[in-house]
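In what follows, a single structure is set out as C-alpha coordinates and then discussed.
Residue numbers (our numbering): 51 to 524.
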(Lines of atoms letter the chains of each structure in order from A and count residues from 1; the text may use other names and numbers.)
(Lines give C-alpha, C1' and ligand atoms only; values in the text may rest on other atoms or scores of the structure.)
Protein backbone atom coordinates (compact mmCIF):
# COMPACT_ATOMS: atom_id res chain seq x y z
CA UNK A 1 0.00 0.00 0.00
CA UNK A 2 1.09 3.57 -0.65
CA UNK A 3 0.03 6.94 0.67
CA UNK A 4 -2.56 9.19 -0.96
CA UNK A 5 -1.78 10.47 -4.42
CA UNK A 6 -1.01 14.12 -5.14
CA UNK A 7 -4.49 14.50 -6.62
CA UNK A 8 -6.15 13.04 -3.52
CA UNK A 9 -4.04 15.22 -1.24
CA UNK A 10 -5.26 18.23 -3.22
CA UNK A 11 -8.89 17.13 -2.84
CA UNK A 12 -8.51 16.72 0.94
CA UNK A 13 -6.65 20.03 1.22
CA UNK A 14 -9.41 21.89 -0.62
CA UNK A 15 -11.85 20.95 2.16
CA UNK A 16 -9.93 22.81 4.87
CA UNK A 17 -7.99 25.31 2.77
CA UNK A 18 -4.31 25.14 1.85
CA UNK A 19 -3.06 26.86 5.02
CA UNK A 20 -4.75 24.21 7.17
CA UNK A 21 -3.37 21.26 5.22
CA UNK A 22 0.18 20.39 6.29
CA UNK A 23 2.43 18.67 3.78
CA UNK A 24 5.91 19.90 4.73
CA UNK A 25 7.99 17.40 6.72
CA UNK A 26 8.86 19.94 9.43
CA UNK A 27 5.18 20.81 9.97
CA UNK A 28 4.11 17.17 10.03
CA UNK A 29 6.90 15.95 12.36
CA UNK A 30 5.11 16.66 15.70
CA UNK A 31 2.23 14.41 14.64
CA UNK A 32 4.45 11.37 14.01
CA UNK A 33 5.50 10.55 17.57
CA UNK A 34 3.89 10.00 20.95
CA UNK A 35 4.98 11.12 24.40
CA UNK A 36 7.07 8.07 25.25
CA UNK A 37 8.79 7.80 21.90
CA UNK A 38 7.72 4.20 21.35
CA UNK A 39 6.15 4.82 17.94
CA UNK A 40 7.37 6.86 14.98
CA UNK A 41 4.79 7.00 12.21
CA UNK A 42 4.69 8.43 8.71
CA UNK A 43 2.16 10.51 6.80
CA UNK A 44 2.08 12.84 3.83
CA UNK A 45 -0.84 14.96 5.07
CA UNK A 46 -2.18 16.50 8.28
CA UNK A 47 -5.57 18.19 8.03
CA UNK A 48 -6.88 20.79 10.49
CA UNK A 49 -10.63 21.19 9.99
CA UNK A 50 -12.37 24.18 11.50
CA UNK A 51 -15.90 22.80 11.75
CA UNK A 52 -17.96 19.66 12.11
CA UNK A 53 -18.98 20.03 8.47
CA UNK A 54 -15.35 19.99 7.36
CA UNK A 55 -14.69 16.87 9.44
CA UNK A 56 -17.72 15.31 7.76
CA UNK A 57 -16.45 16.15 4.28
CA UNK A 58 -13.00 14.72 5.10
CA UNK A 59 -14.39 11.42 6.36
CA UNK A 60 -16.83 11.14 3.47
CA UNK A 61 -13.97 11.47 1.00
CA UNK A 62 -11.79 9.13 3.04
CA UNK A 63 -14.52 6.50 3.09
CA UNK A 64 -15.08 6.79 -0.66
CA UNK A 65 -11.36 6.48 -1.42
CA UNK A 66 -10.40 3.99 1.31
CA UNK A 67 -8.00 6.45 2.95
CA UNK A 68 -7.18 5.60 6.59
CA UNK A 69 -7.64 8.51 9.02
CA UNK A 70 -5.91 8.93 12.39
CA UNK A 71 -7.61 11.46 14.71
CA UNK A 72 -5.22 13.65 16.72
CA UNK A 73 -6.37 15.59 19.76
CA UNK A 74 -3.87 16.98 22.29
CA UNK A 75 -1.40 14.16 21.55
CA UNK A 76 -0.75 13.58 25.25
CA UNK A 77 -1.54 9.85 25.14
CA UNK A 78 0.92 7.11 26.05
CA UNK A 79 -0.12 4.10 23.95
CA UNK A 80 0.42 5.22 20.36
CA UNK A 81 -3.27 5.82 19.76
CA UNK A 82 -2.83 9.05 17.78
CA UNK A 83 0.25 8.10 15.74
CA UNK A 84 -0.10 7.15 12.06
CA UNK A 85 1.31 3.83 10.95
CA UNK A 86 4.83 3.49 9.59
CA UNK A 87 3.67 2.56 6.07
CA UNK A 88 2.63 6.14 5.35
CA UNK A 89 -0.85 5.16 4.16
CA UNK A 90 -2.71 7.13 6.83
CA UNK A 91 -3.58 10.81 6.96
CA UNK A 92 -3.91 12.67 10.25
CA UNK A 93 -6.94 14.75 11.23
CA UNK A 94 -6.08 17.27 13.95
CA UNK A 95 -8.80 18.83 16.09
CA UNK A 96 -6.71 21.79 17.25
CA UNK A 97 -8.74 24.44 15.36
CA UNK A 98 -12.08 23.33 16.80
CA UNK A 99 -11.90 25.14 20.13
CA UNK A 100 -15.28 26.84 20.56
CA UNK A 101 -17.07 26.79 23.88
CA UNK A 102 -20.55 26.78 22.41
CA UNK A 103 -22.68 27.24 25.51
CA UNK A 104 -22.34 27.44 29.30
CA UNK A 105 -25.48 26.89 31.37
CA UNK A 106 -24.77 27.43 35.07
CA UNK A 107 -28.33 26.77 36.19
CA UNK A 108 -28.50 23.56 34.20
CA UNK A 109 -24.96 22.61 35.23
CA UNK A 110 -23.66 21.82 31.77
CA UNK A 111 -21.39 23.17 29.06
CA UNK A 112 -21.34 22.45 25.32
CA UNK A 113 -17.90 22.48 23.71
CA UNK A 114 -16.06 21.58 20.53
CA UNK A 115 -14.02 18.40 20.64
CA UNK A 116 -10.77 20.34 20.30
CA UNK A 117 -11.19 22.54 23.37
CA UNK A 118 -8.23 22.32 25.75
CA UNK A 119 -9.16 20.95 29.17
CA UNK A 120 -7.69 23.94 31.03
CA UNK A 121 -9.94 26.26 29.02
CA UNK A 122 -12.96 24.23 30.11
CA UNK A 123 -11.85 24.76 33.72
CA UNK A 124 -11.62 28.52 33.16
CA UNK A 125 -15.02 28.75 31.49
CA UNK A 126 -16.63 26.82 34.33
CA UNK A 127 -14.96 28.99 36.98
CA UNK A 128 -16.29 32.15 35.31
CA UNK A 129 -19.84 31.05 36.20
CA UNK A 130 -18.85 29.71 39.64
CA UNK A 131 -18.93 26.10 38.52
CA UNK A 132 -16.45 23.23 38.48
CA UNK A 133 -15.50 20.76 35.77
CA UNK A 134 -13.63 18.22 37.89
CA UNK A 135 -11.44 16.30 35.41
CA UNK A 136 -7.87 17.12 36.42
CA UNK A 137 -4.77 15.85 34.63
CA UNK A 138 -1.10 16.73 34.61
CA UNK A 139 -1.49 17.41 30.87
CA UNK A 140 -4.59 19.60 31.19
CA UNK A 141 -2.82 22.55 29.57
CA UNK A 142 -2.60 20.66 26.27
CA UNK A 143 -5.03 17.71 26.50
CA UNK A 144 -8.23 18.23 24.52
CA UNK A 145 -11.76 17.19 25.38
CA UNK A 146 -12.22 14.92 22.34
CA UNK A 147 -9.15 12.93 23.32
CA UNK A 148 -10.20 12.87 26.97
CA UNK A 149 -13.50 11.34 25.89
CA UNK A 150 -11.98 8.99 23.33
CA UNK A 151 -9.77 7.48 26.05
CA UNK A 152 -12.33 7.81 28.88
CA UNK A 153 -9.76 9.77 30.89
CA UNK A 154 -9.84 9.54 34.66
CA UNK A 155 -7.39 11.80 36.45
CA UNK A 156 -7.10 12.65 40.11
CA UNK A 157 -10.75 13.38 40.93
CA UNK A 158 -12.31 10.07 39.84
CA UNK A 159 -12.86 9.14 43.47
CA UNK A 160 -15.49 11.85 43.87
CA UNK A 161 -16.69 12.60 40.35
CA UNK A 162 -15.96 9.60 38.15
CA UNK A 163 -14.16 9.45 34.81
CA UNK A 164 -15.11 11.11 31.52
CA UNK A 165 -17.92 8.67 30.89
CA UNK A 166 -19.51 9.98 34.10
CA UNK A 167 -18.81 13.61 33.19
CA UNK A 168 -20.44 13.64 29.75
CA UNK A 169 -24.15 13.98 28.98
CA UNK A 170 -24.10 13.99 25.18
CA UNK A 171 -21.91 13.91 22.09
CA UNK A 172 -21.70 15.12 18.54
CA UNK A 173 -19.87 12.56 16.40
CA UNK A 174 -18.90 12.34 12.75
CA UNK A 175 -19.09 8.75 11.58
CA UNK A 176 -16.51 7.22 9.20
CA UNK A 177 -19.00 7.59 6.36
CA UNK A 178 -19.18 11.34 6.96
CA UNK A 179 -22.64 11.21 8.54
CA UNK A 180 -23.11 13.50 11.55
CA UNK A 181 -24.80 12.26 14.70
CA UNK A 182 -26.09 15.14 16.82
CA UNK A 183 -26.44 13.66 20.30
CA UNK A 184 -25.78 16.91 22.16
CA UNK A 185 -28.44 16.31 24.78
CA UNK A 186 -28.18 17.74 28.28
CA UNK A 187 -30.63 15.31 29.85
CA UNK A 188 -29.56 13.41 32.93
CA UNK A 189 -32.22 10.79 32.27
CA UNK A 190 -32.84 9.41 28.80
CA UNK A 191 -33.77 5.74 28.42
CA UNK A 192 -34.78 5.82 24.76
CA UNK A 193 -32.97 2.85 23.30
CA UNK A 194 -29.26 2.07 23.10
CA UNK A 195 -26.91 4.57 24.73
CA UNK A 196 -24.91 5.42 21.61
CA UNK A 197 -22.82 7.94 23.54
CA UNK A 198 -21.13 5.18 25.49
CA UNK A 199 -20.00 3.45 22.30
CA UNK A 200 -17.77 6.39 21.35
CA UNK A 201 -16.42 7.23 24.82
CA UNK A 202 -13.35 5.07 25.24
CA UNK A 203 -13.36 3.90 21.60
CA UNK A 204 -10.10 5.78 20.89
CA UNK A 205 -11.29 7.21 17.59
CA UNK A 206 -11.91 3.83 16.00
CA UNK A 207 -15.66 4.35 15.48
CA UNK A 208 -15.84 8.05 14.63
CA UNK A 209 -14.56 11.49 15.58
CA UNK A 210 -16.01 13.37 18.55
CA UNK A 211 -16.55 16.95 17.39
CA UNK A 212 -18.70 18.18 20.26
CA UNK A 213 -19.69 17.28 23.80
CA UNK A 214 -22.07 18.24 26.59
CA UNK A 215 -20.05 18.24 29.82
CA UNK A 216 -21.42 18.11 33.35
CA UNK A 217 -20.65 20.99 35.67
CA UNK A 218 -20.74 20.98 39.46
CA UNK A 219 -20.99 23.59 42.23
CA UNK A 220 -17.59 24.97 43.17
CA UNK A 221 -16.48 23.92 46.66
CA UNK A 222 -16.26 26.72 49.21
CA UNK A 223 -13.70 24.91 51.33
CA UNK A 224 -10.60 23.15 50.06
CA UNK A 225 -7.74 21.58 51.97
CA UNK A 226 -4.89 19.16 51.29
CA UNK A 227 -2.71 17.05 53.56
CA UNK A 228 0.54 15.29 52.74
CA UNK A 229 1.06 12.27 54.97
CA UNK A 230 3.75 9.59 55.26
CA UNK A 231 2.92 5.96 55.99
CA UNK A 232 5.06 2.87 56.47
CA UNK A 233 3.35 0.57 53.95
CA UNK A 234 0.61 0.27 51.33
CA UNK A 235 -1.49 -1.47 54.01
CA UNK A 236 -1.28 1.64 56.18
CA UNK A 237 -2.11 3.80 53.17
CA UNK A 238 -5.25 1.73 52.61
CA UNK A 239 -6.13 2.03 56.30
CA UNK A 240 -5.70 5.80 56.05
CA UNK A 241 -7.89 5.92 52.95
CA UNK A 242 -10.64 3.99 54.72
CA UNK A 243 -10.38 6.25 57.77
CA UNK A 244 -10.78 9.38 55.66
CA UNK A 245 -13.56 7.79 53.64
CA UNK A 246 -15.50 6.91 56.78
CA UNK A 247 -15.01 10.34 58.36
CA UNK A 248 -15.32 12.60 55.30
CA UNK A 249 -17.60 10.75 52.90
CA UNK A 250 -18.18 12.66 49.66
CA UNK A 251 -15.88 15.46 50.84
CA UNK A 252 -12.91 13.19 50.12
CA UNK A 253 -12.17 14.23 46.53
CA UNK A 254 -8.67 12.82 46.06
CA UNK A 255 -6.38 10.26 47.66
CA UNK A 256 -3.02 9.63 45.99
CA UNK A 257 -0.33 7.10 46.87
CA UNK A 258 3.36 7.59 46.04
CA UNK A 259 6.34 5.32 46.58
CA UNK A 260 9.48 6.80 48.11
CA UNK A 261 11.55 6.52 44.92
CA UNK A 262 8.88 8.16 42.76
CA UNK A 263 8.72 11.03 45.22
CA UNK A 264 12.52 11.30 45.49
CA UNK A 265 12.86 11.60 41.71
CA UNK A 266 10.19 14.32 41.72
CA UNK A 267 11.96 16.37 44.38
CA UNK A 268 15.26 15.92 42.53
CA UNK A 269 14.10 16.82 39.04
CA UNK A 270 11.10 19.16 39.41
CA UNK A 271 11.73 22.87 39.78
CA UNK A 272 10.50 24.15 43.13
CA UNK A 273 9.66 20.71 44.49
CA UNK A 274 10.61 19.94 48.07
CA UNK A 275 9.85 17.41 50.74
CA UNK A 276 7.43 19.15 53.13
CA UNK A 277 8.17 16.60 55.85
CA UNK A 278 11.22 16.41 58.10
CA UNK A 279 12.40 13.00 56.86
CA UNK A 280 12.06 10.32 54.21
CA UNK A 281 9.50 7.52 54.40
CA UNK A 282 8.64 4.41 52.36
CA UNK A 283 5.29 5.74 51.15
CA UNK A 284 3.49 9.06 50.91
CA UNK A 285 -0.16 10.00 50.48
CA UNK A 286 -1.80 13.17 49.20
CA UNK A 287 -5.28 13.73 50.58
CA UNK A 288 -7.70 16.26 49.09
CA UNK A 289 -10.84 17.48 50.89
CA UNK A 290 -13.54 19.72 49.40
CA UNK A 291 -16.56 21.05 51.27
CA UNK A 292 -19.49 23.15 50.15
CA UNK A 293 -20.11 25.37 53.18
CA UNK A 294 -16.87 27.16 54.09
CA UNK A 295 -13.09 26.87 54.42
CA UNK A 296 -13.26 26.28 58.14
CA UNK A 297 -15.19 23.05 57.66
CA UNK A 298 -12.52 21.67 55.32
CA UNK A 299 -9.76 22.63 57.76
CA UNK A 300 -11.55 21.05 60.71
CA UNK A 301 -12.42 17.89 58.79
CA UNK A 302 -8.90 17.15 57.58
CA UNK A 303 -7.36 18.01 60.96
CA UNK A 304 -9.72 15.74 62.88
CA UNK A 305 -9.14 12.84 60.52
CA UNK A 306 -5.36 13.20 60.74
CA UNK A 307 -5.50 13.38 64.52
CA UNK A 308 -7.37 10.09 64.61
CA UNK A 309 -4.86 8.58 62.18
CA UNK A 310 -1.97 9.60 64.45
CA UNK A 311 -3.76 8.21 67.51
CA UNK A 312 -4.21 4.86 65.74
CA UNK A 313 -0.59 4.74 64.60
CA UNK A 314 -1.49 4.80 60.91
CA UNK A 315 0.48 7.93 59.99
CA UNK A 316 4.22 8.47 60.48
CA UNK A 317 4.26 12.20 59.76
CA UNK A 318 2.00 14.72 58.06
CA UNK A 319 1.58 18.34 57.08
CA UNK A 320 -1.52 20.35 56.17
CA UNK A 321 -1.25 23.01 53.46
CA UNK A 322 -1.34 26.58 54.79
CA UNK A 323 -2.53 28.25 51.59
CA UNK A 324 -3.85 27.65 48.09
CA UNK A 325 -0.28 28.15 46.87
CA UNK A 326 0.90 25.26 49.05
CA UNK A 327 -1.99 23.12 47.83
CA UNK A 328 -0.90 23.82 44.26
CA UNK A 329 2.72 22.95 45.11
CA UNK A 330 1.74 19.60 46.61
CA UNK A 331 -0.46 18.67 43.66
CA UNK A 332 2.21 19.84 41.21
CA UNK A 333 4.64 17.31 42.64
CA UNK A 334 2.14 14.52 42.15
CA UNK A 335 1.25 15.64 38.62
CA UNK A 336 4.89 15.84 37.47
CA UNK A 337 5.86 12.48 38.96
CA UNK A 338 5.93 10.62 35.66
CA UNK A 339 7.88 13.36 33.89
CA UNK A 340 10.45 13.38 36.71
CA UNK A 341 11.52 9.86 35.79
CA UNK A 342 12.90 10.90 32.39
CA UNK A 343 16.27 12.22 33.64
CA UNK A 344 16.85 8.84 35.32
CA UNK A 345 16.92 7.01 31.97
CA UNK A 346 14.55 4.48 30.46
CA UNK A 347 11.22 3.80 32.14
CA UNK A 348 8.88 0.87 31.56
CA UNK A 349 5.38 2.02 32.45
CA UNK A 350 2.10 0.38 33.41
CA UNK A 351 -1.33 1.99 33.76
CA UNK A 352 -3.25 -0.67 35.68
CA UNK A 353 -6.09 -1.03 38.14
CA UNK A 354 -6.97 -3.62 40.75
CA UNK A 355 -9.74 -3.74 43.35
CA UNK A 356 -8.93 -1.15 46.03
CA UNK A 357 -8.56 -3.81 48.71
CA UNK A 358 -5.99 -5.60 46.53
CA UNK A 359 -3.66 -2.61 46.06
CA UNK A 360 -1.21 -3.58 48.84
CA UNK A 361 -0.97 -7.21 47.73
CA UNK A 362 -0.50 -6.19 44.10
CA UNK A 363 2.30 -3.79 44.98
CA UNK A 364 4.17 -6.33 47.10
CA UNK A 365 3.83 -9.11 44.55
CA UNK A 366 4.75 -6.91 41.59
CA UNK A 367 7.78 -5.46 43.40
CA UNK A 368 9.12 -8.92 44.19
CA UNK A 369 8.52 -10.26 40.68
CA UNK A 370 10.08 -7.26 38.94
CA UNK A 371 13.15 -7.27 41.18
CA UNK A 372 13.67 -10.96 40.44
CA UNK A 373 13.51 -10.28 36.72
CA UNK A 374 15.46 -7.01 36.63
CA UNK A 375 18.10 -6.74 39.32
CA UNK A 376 18.49 -3.17 40.49
CA UNK A 377 15.24 -1.97 38.95
CA UNK A 378 14.02 1.26 40.54
CA UNK A 379 10.29 1.00 41.09
CA UNK A 380 8.30 4.22 40.97
CA UNK A 381 4.73 3.28 41.80
CA UNK A 382 2.13 5.99 42.30
CA UNK A 383 -1.52 6.56 41.58
CA UNK A 384 -5.09 6.90 42.72
CA UNK A 385 -5.56 4.45 45.57
CA UNK A 386 -9.20 5.49 45.87
CA UNK A 387 -10.06 3.79 42.57
CA UNK A 388 -7.29 1.20 42.51
CA UNK A 389 -5.49 2.84 39.56
CA UNK A 390 -1.73 2.47 39.96
CA UNK A 391 0.87 3.85 37.55
CA UNK A 392 3.42 1.13 38.12
CA UNK A 393 6.51 2.62 36.50
CA UNK A 394 9.97 1.06 36.57
CA UNK A 395 13.12 3.10 35.96
CA UNK A 396 16.21 1.39 34.64
CA UNK A 397 18.91 0.25 37.07
CA UNK A 398 21.61 2.85 37.64
CA UNK A 399 24.28 2.60 34.96
CA UNK A 400 22.20 0.26 32.77
CA UNK A 401 21.98 0.58 29.00
CA UNK A 402 18.74 2.42 28.23
CA UNK A 403 18.03 0.66 24.92
CA UNK A 404 18.66 -2.79 26.40
CA UNK A 405 16.38 -2.01 29.33
CA UNK A 406 13.54 -0.70 27.15
CA UNK A 407 13.87 -3.76 24.91
CA UNK A 408 12.48 -5.73 27.85
CA UNK A 409 9.24 -3.69 27.86
CA UNK A 410 7.06 -6.58 26.70
CA UNK A 411 8.67 -9.06 29.08
CA UNK A 412 8.20 -6.79 32.10
CA UNK A 413 4.65 -5.90 31.03
CA UNK A 414 3.81 -9.58 30.93
CA UNK A 415 5.12 -10.08 34.48
CA UNK A 416 3.21 -7.13 35.93
CA UNK A 417 0.01 -7.68 33.96
CA UNK A 418 -0.15 -11.33 35.03
CA UNK A 419 -0.27 -10.18 38.66
CA UNK A 420 -2.87 -7.53 37.80
CA UNK A 421 -5.10 -10.12 36.13
CA UNK A 422 -4.65 -12.56 39.02
CA UNK A 423 -6.21 -9.89 41.24
CA UNK A 424 -9.12 -9.34 38.84
CA UNK A 425 -7.70 -6.08 37.57
CA UNK A 426 -7.31 -4.27 34.25
CA UNK A 427 -4.20 -3.72 32.13
CA UNK A 428 -5.49 -0.29 31.09
CA UNK A 429 -7.05 1.94 33.71
CA UNK A 430 -7.15 5.34 32.00
CA UNK A 431 -4.67 5.67 29.13
CA UNK A 432 -6.39 3.38 26.65
CA UNK A 433 -5.24 0.46 24.49
CA UNK A 434 -3.93 2.13 21.33
CA UNK A 435 -1.24 0.03 19.66
CA UNK A 436 0.77 -0.66 22.79
CA UNK A 437 -1.75 -3.03 24.40
CA UNK A 438 -3.76 -4.09 21.35
CA UNK A 439 -2.36 -7.59 20.99
CA UNK A 440 -2.43 -8.19 24.73
CA UNK A 441 -6.09 -7.14 24.83
CA UNK A 442 -6.87 -9.84 22.26
CA UNK A 443 -5.15 -12.44 24.45
CA UNK A 444 -6.75 -11.60 27.77
CA UNK A 445 -10.35 -10.82 26.84
CA UNK A 446 -12.87 -13.55 26.12
CA UNK A 447 -13.07 -14.42 22.40
CA UNK A 448 -16.74 -13.43 22.38
CA UNK A 449 -15.80 -9.98 23.73
CA UNK A 450 -13.30 -9.40 20.95
CA UNK A 451 -15.82 -10.70 18.43
CA UNK A 452 -18.47 -8.25 19.67
CA UNK A 453 -16.00 -5.38 19.45
CA UNK A 454 -15.14 -6.40 15.89
CA UNK A 455 -18.84 -6.52 14.98
CA UNK A 456 -19.34 -3.01 16.33
CA UNK A 457 -16.27 -1.77 14.48
CA UNK A 458 -17.49 -3.28 11.21
CA UNK A 459 -20.98 -1.84 11.65
CA UNK A 460 -19.74 1.72 12.17
CA UNK A 461 -16.66 1.57 9.97
CA UNK A 462 -17.30 -0.86 7.10
CA UNK A 463 -14.39 0.54 5.07
CA UNK A 464 -12.00 0.12 8.00
CA UNK A 465 -10.60 3.66 7.73
CA UNK A 466 -10.93 4.90 11.32
CA UNK A 467 -7.70 4.80 13.31
CA UNK A 468 -6.80 1.35 11.98
CA UNK A 469 -4.70 -1.06 14.04
CA UNK A 470 -5.62 0.71 17.28
CA UNK A 471 -7.53 -1.24 19.95
CA UNK A 472 -8.30 -3.99 17.40
CA UNK A 473 -6.02 -5.30 14.67
CA UNK A 474 -7.10 -4.12 11.23
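All C-beta atoms, glycine included, are put in the ideal place defined by N, C-alpha and C.
Secondary structure of residue 172 (DSSP, three-state): helix. Annotation note: the region 449 to 519 contains the following uninterrupted alpha helix (DSSP H) runs of length 4 or greater, listed N- to C-terminal: 452 to 456, 459 to 472, 488 to 494 and 497 to 510.
Within 10 angstroms of the beta-carbon of residue 498 lie fewer than 16 other beta-carbons, which makes it exposed. If you look at residue 335, you'll find it in the beta strand (DSSP E) that goes 333 to 341. Going by C-alpha positions, residue 283 is about 6 Å away from residue 333. Taken through DSSP and simplified to helix, strand or coil, residue 180 comes out as coil.
Between the alpha carbons of residue 460 and residue 486 lies a gap of roughly 9 Å. Under DSSP, residue 322 forms no beta bridge with any residue. Three or more beta-carbon pairs drawn from the region 148 to 164 and the region 265 to 276 are found closer than 8 Å, and the two stretches are therefore classed as touching.
In the three-state DSSP reduction, residue 186 falls in the coil class, being neither helix nor strand. Look at residue 192 here: in three-state DSSP terms it is coil, with no helix or strand label. DSSP places residue 100 in no alpha helix (DSSP H); its state is neither H nor E.
Exclusion of the five residues before and after residue 133 leaves 84, 89 and 91 as the residues of its chain whose Cβ lies within less than 6 Å of its Cβ. Listed in chain order, the non-local C-beta contacts of residue 294 below 7 Å within the same chain comprise 302, 305, 337 and 355, local neighbours out to five positions each way being set aside. Relative to the Cα of residue 66, the nearest Cα in the group 122, 93 and 147 belongs to 147. Taking 8 Å as the cut-off, the Cβ atoms of residue 341 and residue 272 count as close. Here residue 328 is exposed, its C-beta having fewer than 16 other C-beta atoms within 10 Å. According to DSSP, residue 275 shares a beta bridge with 339. Within its own chain, the residues whose Cβ lies closer than 8 Å to the Cβ of residue 358, once the five positions on either side in sequence are excluded, are 293 and 297, listed in chain order.
The beta carbon of residue 248 sits closer than 7 Å to the beta carbons of 215 from its chain, once the five residues preceding and following it are set aside; these are given in chain order.
By the Cβ test, the region 225 to 233 is in contact with the region 111 to 125, since at least three Cβ pairs between them sit closer than 8 Å. If you look at residue 428, you'll find it in the beta strand (DSSP E) that goes 428 to 434. Nearest to residue 257 by alpha-carbon distance, out of 324, 109 and 440, is 109. Taking C-beta separations shorter than 6 Å and ignoring five residues to either side along the sequence, the partners of residue 169 in its chain run 190 and 193, following chain order.
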